[in-house]
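Top to bottom, those sequences are chains A and B. Each residue of the first sequence is one higher than the one before, starting from 100 at the first, in my numbering. Each residue of the second sequence is one higher than the one before, starting from 100 at the first, in my numbering. Note that the Cβ used here is the ideal one computed from N, Cα and C, for glycine as well. It should be emphasised that the depicted structure is a prediction, and the values quoted were computed from it without experimental measurement. A short worksheet on the structure shown next.
2 protein chains.
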Amino acid sequence: MPTRLPPLRQDFLKNGAHVYLRHLSVDCVIFGFHENQLKVLLLKWQNGPWCLPGGFVKKHESLQESATRTLRERTALKDLFLQQFFAFGDPSREKGKSKNEEFKNTWLADRFITIGYYALVEHSKVKPRPDVLSDECAWWDIDSVPSMVYDHHQILEKAIDALRIDLYSHPVGYNLLPRKFTMPELQRLYETILGKGIDRRNFQKKMLSLKILERLKERKTGGAHKAPYFYRFNLTQYKRALTVGWAGWF
Amino acid sequence: MPTRLPPLRQDFLKNGAHVYLRHLSVDCVIFGFHENQLKVLLLKWQNGPWCLPGGFVKKHESLQESATRTLRERTALKDLFLQQFFAFGDPSREKGKSKNEEFKNTWLADRFITIGYYALVEHSKVKPRPDVLSDECAWWDIDSVPSMVYDHHQILEKAIDALRIDLYSHPVGYNLLPRKFTMPELQRLYETILGKGIDRRNFQKKMLSLKILERLKERKTGGAHKAPYFYRFNLTQYKRALTVGWAGWF
């Protein structure tokens, strides 16, 4: 830790409690999907460990607004649909915090409950950059994330569970796939998120039964196999399912 | 409002902030299921409106512990599996609160973020009773709940959505049905929660594919139709699915 804090940081530690609610933070788990890889976006504290991009809740801000602003300020990411997935409130979740000399006698020394949000983005479409408090902002493969502060590993695990469970009740893919795509491409997206193979016939049958896909007349040519049809999402149905979950599961 | 507050209530208003975290509460949506009816348990503030049973988070308590304790203290309900479903953090969620003279200049006048929990119980098995702050504790049919304080209607709506979506990813029924039950009885439970009819063949096929049911040799006799088989839950599989969601959806 630096012996002399920069002015901005001093002010944040000293006066943050006038701007933000006590005891409350937000943490964002940003999943990146690109070429059948699932990644997560992490920040590195200056001279410190890696962490999820997180922040605090201003006195007149909603939780969703806090998460959106935090992400914009800390990573320069905008226009993501952030999905709240869990509030983490174990009193021992911030292990090692009491040893942080910089936080001593400040509002940051208190216990914090953090509200977790996640989003899934096509990671080549976004250009994250670190904020003034961070050394780095980088994508990590979800199977090989570095050591992280506090309970951020558990928050990540819970976000992966939430993302997988949401696959069973909500549509996914609109902002991850090209406008028209084939059934095998959609299947690979699901397999990547679930971390396992799926039976081709069951997948196709299931997907078509959900009534969010429209088959185009065009086929994709150039592969070794029989040219597969292109599909696109029916956006009205897709958005409806995003809001209410699958109405037609049974 | 009474002009003179009872001592316990005075102390709570004056000194609560020494015991509880600021800005944070928990609210419990307790669904009761009995004879194909879905109900919700509500409290009535003394001389005031109806509300969900809620409370505050002690300084060294986890959120889950707060919800469990709150429910026990306020309704005498114990041993429920409370499922966290959403954190409500709209800054305007507590409409009318600023007019409450009793809260003025106390920690309760602050803005509160509330963490919602729900549980589903066989309501004839539990004996709720109101706490000292409430006039009544009663089950209401979910289609005809009375006017409630703040955003409690929205919290209830969100809990119903969460319960329905959880049906698609998690098993339900173990503590709601008798130890052995028929497929039509299980289907009626699902239909009641979803608020709609389900095709009998699809339901049976789906349920059997989830591998949480064991068919017994015994059949239920006495009905007008062909005697249906009894089933019971395979508890190992059931509990696994409760934790990880359906592994075998595809």
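Item	Value
Neighbour flag for B:Phe280 against chain A, beta carbons, 8 Å	no
Amino acids of chain B, ordered along the chain, whose beta-carbon sits closer than 7 Å to that of A:Asp189	Ser161
Local Cβ density within 10 Å of A:Arg173, reported as buried at 16 or more and exposed below that	buried
A:Glu235, buried or exposed, once every other Cβ within 10 Å from all chains shown has been counted against 16	exposed
Runs of beta strand (DSSP E) lying entirely within the stretch 311 to 344 of chain B, each at least 3 residues, in chain order	312 to 318 and 328 to 332
Alpha-carbon to alpha-carbon, B:Asn135 and B:Thr291	6 Å
Range covered by the alpha helix (DSSP H) that runs through A:Ser268	His251 to Ser268
Interface residues of the stretch 259 to 291 of chain B facing chain A [CB-CB below 9 Å]	Asp260, Arg263, Ile264, Asp265, Leu266, Tyr267, Ser268, His269 and Tyr289
Contacts around B:Arg331, its chain only, beta-carbon distance under 8 Å, and the 5 residues preceding and following it disregarded	Arg278, Lys279, Phe280, Leu312, Glu313 and Leu315
Buried/exposed call for B:Arg318, threshold 16 Cβ in 10 Å	exposed
Environment of A:Gly153 [buried if 16+ CB atoms lie within 10 Å]	buried
Minimum Cβ-Cβ distance from A:Phe329 to chain B less than 8 Å	no
Beta-bridge pairing of A:Tyr216 - partner residues as DSSP gives them	A:Cys127 and A:Gln183
Under 8 Å between C-beta atoms of A:Leu232 and A:Trp144	yes
First through last residue of the alpha helix (DSSP H) which encompasses A:Gly115	Pro106 to Val118
Per DSSP, the bridge partner or partners of B:Ala237	B:Leu141
Enclosing alpha helix (DSSP H) for A:Glu304 [first to last residue]	Looking at the sequence provided, one finds Lys at residue 304 of chain A rather than Glu. Arg299 to Ser308 is the span of the alpha helix (DSSP H), which, as asked, contains A:Lys304.
B:Lys196 versus B:Ile259 - alpha carbon distance	25 Å
CB contact below 8 Å: A:Gln183 versus chain B	yes
Beta-carbon proximity check, A:Ala49 vs A:Tyr216, cutoff 8 Å	Residue numbering for chain A in the displayed model covers 100 to 349; residue 49 of chain A lies beyond these limits and cannot be assessed.
Residues of its chain near B:Phe180, where Cβ-Cβ distance is below 7 Å and the 5 sequence neighbours each way are ignored	Ala218
C-alpha gap between B:Met100 and B:Leu266, whole angstroms	Bear in mind that the predicted position of B:Met100 carries a pLDDT of just 43, short of 50, making it unreliable; the figure below should be weighed with that in mind. One C-alpha to the other measures close to 42 Å.
Rounded C-alpha distance that separates A:Gln336 from B:Pro270	26 Å
Distance between beta carbons of B:Leu170 and B:Ala237, contact taken as under 8 Å	At roughly 15 Å, the Cβ-Cβ gap does not stay under 8 Å, so B:Ala237 and B:Leu170 are not in contact.
Minimum Cβ-Cβ distance from A:Ile212 to chain B less than 8 Å	yes
Validate contact between the stretch 124 to 135 of chain B and the stretch 240 to 259 of chain B using beta carbons, cut 8 Å, 3 pairs	yes
Residue interval of the beta strand (DSSP E) (run including B:Phe147)	First, the residue type needs correcting, since residue 147 of chain B is Gly and not Phe in the sequence shown. It is not in any beta strand (DSSP E) - B:Gly147 carries neither H nor E in the DSSP assignment.
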